[in-house]
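The block underneath contains the structure these notes are about, expressed in structure tokens.
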Amino acid sequence: MTGPARPLAGMRVVTLAPNVPGPLAAASLRGAGAEVIKVEPPSGDPLAAMAPAWYAELHRGVDVRVIDLKTQTGSAELDDLLGGADLLLTSSRPSALGRLGLGGARLDAAFPRLCRVLIVGDTQAPEVPGHDLTYQVKAGLIDPERPVMPRTLLADVLGSREAYAAALALLLGRERGSTERERLVGLGDAAHFAAAPLRAGLTAPGGLLSGAHDTYGLFPTADGWLAAAPLEPHFAVRWRTLLGEEGPAALRAQPSAHWVQLAHEQDLPLVAVTPPEPQP
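Under the working numbering, think of the first position of the sequence shown as 4, with each following residue one higher.
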């Protein structure tokens, strides 16, 4: 017995978007059942060189085609693909799309049913160049007093989810008679959205979730660190009873495994800070 059809089964996505946000969004669309055709330039997608294993994972089940869109032959080949497509995903600046004959007005006229998601740096300034690091800095997610490199590409990853959501909204809207065919998704906008807890003061210095309080933070033990988050009152009472008068300083007396076991027995949200498990 087969399971239910996936929601985008029978739909075709053409993506021109390289690097991180585009392939991530395309992988989500593929996972929802869409047929995905990836068009890459002769030089390829930089992600394939930067993270070959991840590139292979994201492109599993994707029909990758090398097409030089700067030639008449390549442009015609892309038009053939778009003629049977439901969605076009891009991550170029609008001016670059215009030079390739992929401006909104032309696509509206040539392919009236084609939905389009344009991943840009920032919806308010889509022609300004940038990358994940610069968007995180502008959003205030890098501490200016002690700047360290972020451990994830937050704007790119969250932006990919925004692109996926935009694609679903456009496709659903089209099926319900909407005339909307294009949405811009800004990576800078995604970083700004992610920084909302910081702006609200939750993770700002001294905030409840900043690490300045004993019910949410990173605490040293005899042999490492713990992440503890006993925020709710019933957790906090148990946590403070466990630690006694010394508070979090008591954690230094025993190794992390000791405290993890006690937390498990007392149903407390606590984990040891350890390296991530290697991917298979």
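All C-beta atoms in this analysis are idealised placements derived from N, C-alpha and C, irrespective of residue type, glycine included. Just so we're clear, the structure is a prediction, and the values are computed from it rather than from any experiment.
Asked	Found
Proximal residues to residue 4 (C-beta, below 7 Å), its chain only, five neighbours per side dropped	Bear in mind that a pLDDT of 38 at residue 4, under 50, signals an unreliable position, so the number given afterwards is only what the model happens to contain. Excluding positions up to five away in sequence, the list is empty.
CB of residue 142 within 7 Å of CB of residue 207, strictly	no
Contact under 7 Å by Cβ, residue 124 with residue 19	no
For residue 4, three-class secondary structure by DSSP	Any reading at residue 4 must be qualified, since the residue scores a pLDDT of 38, below 50, and its modelled position is unreliable; the value itself is stated next. DSSP places residue 4 in coil when its eight states are reduced to three.
CA nearest to the CA of residue 233, picked from 225, 57, 224, 267	267
Length-filtered (3 minimum) beta strand (DSSP E) runs lying within the segment 180-209	185-189
For residue 141, the first and last residue of its enclosing alpha helix (DSSP H)	135-141
Residue ranges of each alpha helix (DSSP H) within the segment 17-98, 4 or longer	24-34, 49-53, 55-61, 75-86
Check whether residue 69 and residue 39 have beta carbons under 7 Å apart	no
According to DSSP, residues forming a beta bridge with residue 216	219
Cβ separation of residue 184 and residue 111, assumed to be a contact under 8 Å, to the nearest whole Å	7 Å
Residue 27 and residue 16 closer than 7 Å at C-beta	no
Boundaries (first-last residue) of the alpha helix (DSSP H) holding residue 241	236-246
Three-state class that DSSP yields for residue 267 in the structure shown	helix
Bridge partner(s) assigned by DSSP for residue 228	223
Three-state secondary structure (DSSP) of residue 169	helix
Other residues of its chain near residue 271: CB distance less than 7 Å, five sequence neighbours each side excluded	233, 238, 241, 242
C-beta atoms of residue 72 and residue 30 nearer than 7 Å	no
Contact the segment 149-163 vs the segment 204-218: 3+ CB pairs below 8 Å	no
Closest by C-alpha distance to residue 24, when choosing among 93, 199, 172	93
Minimum C-alpha distance to residue 258 - residue among 269, 249, 276, 244	276
Helix, strand or coil at residue 128 according to DSSP, with G and I counted as helix	coil
Assigned secondary structure, residue 161 (DSSP; H/G/I helix, E/B strand, else coil)	helix
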